[in-house]
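**Q**
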Amino acid sequence: MEGKDLAKVIRDAIAKTLVFYYPFAGRLKEGPNGKLSVDCIDKGVLFIEGDADVTLQQFGDNPLPPFPCMDELLFDVKCYGEMLNCPIFLIEI
Numbered sequence: 001m002e003g004k005d006l007a008k009v010i011r012d013a014i015a016k017t018l019v020f021y022y023p024f025a026g027r028l029k030e031g032p033n034g035k036l037s038v039d040c041i042d043k044g045v046l047f048i049e050g051d052a053d054v055t056l057q058q059f060g061d062n063p064l065p066p067f068p069c070m071d072e073l074l075f076d077v078k079c080y081g082e083m084l085n086c087p088i089f090l091i092e093i
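Be aware that the sequence shown starts at 1, since it is given in the UniProt record's numbering, and climbs by one per residue.
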């Protein structure tokens, strides 16, 4: 994998996987009587690529929450407070 863009490799693999697991590319919707279902509208998953100036070794052997720098490491997804019409599957690398 040397010399390859790992984020692109992962993104391409996810795209190929979603062909078989297409509900993960849908969105939750509320049906009659508040029943939740997946609307398979092929909007895709939320793929977040980040970079950091720390290494995993700096977190120690057994990192437990709360992690140092958690606010900088984890992407804040605004719509996840409401669930409906948001991506079902989120990947952050």
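Virtual Cβ for every residue (Gly too), placed ideally from N, Cα, C.
Does DSSP classify Leu-36 as helix, strand or coil?
**A** Leu-36: strand per DSSP, three-state reduction.
**Q** Would you kindly report the start and end of the unbroken beta strand (DSSP E) that includes Lys-29?
**A** Element bounds for Lys-29: 27-30.
**Q** Does DSSP classify Ile-14 as helix, strand or coil?
**A** Helix at Ile-14.
**Q** Residues bridged to Glu-92 by DSSP?
**A** Ile-48.
**Q** Per DSSP, what kind of secondary structure is Pro-65 in: helix, strand or coil?
**A** In the structure shown, Pro-65 sits in coil (DSSP, three-state: anything other than H, G, I, E or B).
**Q** What does the Cβ neighbour count give for Val-45, buried or exposed, with the cut at 16 atoms within 10 Å?
**A** Looking at its Cβ environment, which holds 16 or more other Cβ atoms inside 10 Å, Val-45 is buried.
**Q** Given a cut-off of 7 Å, decide if Cys-40 and Tyr-22 are closer than it, judged by their beta-carbon atoms.
**A** Yes, the Cβ-Cβ distance between Tyr-22 and Cys-40 is below 7 Å.
**Q** Looking at C-alpha atoms only, which residue of Phe-47, Cys-69, Cys-86 and Lys-43 is the closest neighbour of Thr-55?
**A** Selected option, being the one with the closest Cα: Cys-69.
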